[in-house]
Amino acid sequence: MQYRELGRTGIKVSEIGIGGGGFENKSYSDCKTIIDCAMKSGINFIDIYNSNPDVHNNVGKALSRYPRDSYVIEGHLCSMWENGQYRRTRNMSEVITAYEGFLTRMQLDYVDVGMIHYVDDERDFDSIFQGEIIEYAKKRKAEGIVRCLGISTHNPDIALKSVESGLIDVILFSINAAYDMLPASEDVDILFEESTFTGRTYEGINPQRSLLYQTCQNAGVALTVMKGYAAGVLLDGHQSPFGNAMTPVQCLHYCLTRPAVASVMVGVSNPDEIIAALAYTTANDAQKDYSTILANAPKRVFHGHCMYCGHCAPCPEKIDIAALNKYLDLALIQKSVPETLRDHYGLLEHHADECIDCGQCMENCPFGVDIIGKMKQAAALFEN
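Heads up: the sequence shown runs through residues 2 to 385, numbered per this note's numbering.
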């Protein structure tokens, strides 16, 4: 296992970390097995966004058998448990109660990264960073209960604002080839114009995301990665926008070659999934190489598939079509819509049922997406 510094914090974390979602609905024995497999393999970094008290109790008990300095915890503020369900909160009394409970159940004297949970909206960001939540986070940091501050977001604009604030040391951000890319490219770091298309589609990383990565690198702000496999989409050749499945090793290598990335938090629910990720530690260059999949994806693969490029804008009803389609695509590969994903959709300022079927977006879309149909599908899925 290789270790990287968590930006300017100086904390050493394993390149592969564990995302906390896989501990849900697991017994203590199952959680212990996952923790033991991870620790034995050299994984020392664990993200716990999950607010389920049972998860906290089980993971905390499993970790209590190890020296505190042998693992690094990314623990989320503003995530609470109510009536048997996760809920994001900005209510100050709820934030404090939930976080104090998290510390107690996890048996922690301190948290390495105090992660302000799920901030995608600019008004939400401003409210947090001009209000009580950031003051509480700063107070806990001054007391040594939180060693450094972080924020989780899927929005590069919010991530950039976080860096500019000077208060944030770590950003948990969704990174993978599908989220970063417009259509595939032989050189993934260069944006080509449509005039360069010759039977294949040549595009590069979204400029705003590229700016974020470089800005974080320059500022010493670490990126930790969520959704490195795009919720499994990239591992499935039928679902992948690139027409072929990527391996876990290729997905991890893509993420770990982005500037400022310190670790990829892999969602695992059993030791086999840890072992699949650990193949990265012994993989050779050929096994890590993802370029052929991205470069050789046939142009036809993209016809009818949203690439989240935003060329469909502007929408007269101000629907964020790219974001909405991203949430829809993620939801469609699940057996049921996760509450966190439903929450992401709910935070959008305008929703699919506001679509007036004008078709302006479809005229603008370079990939022939049936956007009106997507809006109807999203409304039926998210708004029932």
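Using N, Cα and C, we set each Cβ at its ideal position, and we do this for glycine too.
- Within the DSSP bridge table, the entry for Val-267 names Ile-19 as partners.
- Per DSSP, the unbroken beta strand (DSSP E) holding Ala-223 starts and ends at 223-227.
- Rounded to the nearest angstrom, the Cβ distance from Asp-371 to Leu-349 is 20 Å, too far for a contact under 8 Å.
- By the Cβ-count criterion, Thr-10 is buried, with 16 or more other Cβ atoms from all chains shown falling within 10 Å of its own Cβ.
- With respect to the C-alpha of Leu-173, the residue from Glu-384, Gly-8, Gly-369, Gly-347 having the closest C-alpha is Gly-8.
- Rounded to whole angstroms, the gap between the alpha carbons of Glu-16 and Asn-326 is 30 Å.
- Leu-257 is not a Cβ neighbour of Ser-42, given a cutoff of 8 Å.
- Taking a 10 Å sphere around the C-beta of Asp-286, we find fewer than 16 other C-beta atoms and assign the residue as exposed.
- Annotation for Glu-384: His-352, Ala-353, Asp-354 place their beta carbon closer than 8 Å to its own, counting only its chain and skipping 5 residues before and after.
- Arg-89 sits buried, since 16 or more C-beta atoms from the chains shown fall within 10 Å of its C-beta.
- Distance from the CA atom of Gln-288 to the CA atom of Leu-331, rounded to whole angstroms, is 27 Å.
- In this model, Ala-314 and Asn-207 are separated by some 16 Å (Cα to Cα).
- With a threshold of 16 other beta carbon atoms within 10 Å, Ile-159 meets it and is buried.
- Contact between Gly-76 and Val-112 holds, with the beta-carbon distance rounding to 4 Å and staying under 8 Å.
- Annotation: the continuous alpha helix (DSSP H) that includes Val-60 extends over 54-64.
- Out of Tyr-72, Leu-78, Asp-37, Tyr-291, the CA that lies nearest to the CA of Glu-133 is found in Leu-78.
- The C-beta distance from Ser-264 to Thr-225 rounds to 5 Å, short enough to meet the 8 Å contact threshold.
- For Ser-30, no beta strand (DSSP E) segment is defined; the enclosing uninterrupted segment is the alpha helix (DSSP H) at 29-41.
- When the Cα atoms are used, Cys-366 and Ile-373 turn out to be separated by approximately 12 Å.
- Within the segment 114-179, the complete alpha helix (DSSP H) segments of 4 residues or longer fall at 123-130, 133-143, 157-166, listed in chain order.
- About 17 Å separates the beta carbon of Val-171 from that of Tyr-137, a gap too long to meet the 8 Å contact definition.
- Non-local C-beta neighbours of Tyr-291 in its own chain, meaning closer than 7 Å and more than five positions away in sequence, comprise Ala-178, Met-247, Gln-251, His-254, Tyr-255, ordered along the chain.
- With a 10 Å radius around the Cβ and a threshold of 16 neighbouring Cβ atoms, Ile-19 comes out buried.
- Residue range 73-78 is occupied by the beta strand (DSSP E) that includes Gly-76.
- With a threshold of 16 other beta carbon atoms within 10 Å, Asn-26 falls short and is exposed.
- DSSP places Asp-48 within a strand segment (E or B) once states are collapsed to three.
- Here Arg-343 is not bridged, per DSSP, to any residue.
- In the assembly as shown, Leu-333 is an exposed residue. Its beta-carbon has fewer than 16 other beta-carbons within 10 Å.
- Take the alpha-carbon of Thr-34 and the one of Gln-131: they are about 42 Å apart.
- Going by beta carbons, Val-14 and Val-73 fall inside the 8 Å limit.
- Membership of Gln-378 in the alpha helix (DSSP H) is indicated by the continuous run 372-383.
- If you compare the alpha carbons of Ser-28, Trp-82, Arg-91, Ser-52 with that of Ala-63, the shortest gap goes to Ser-28.
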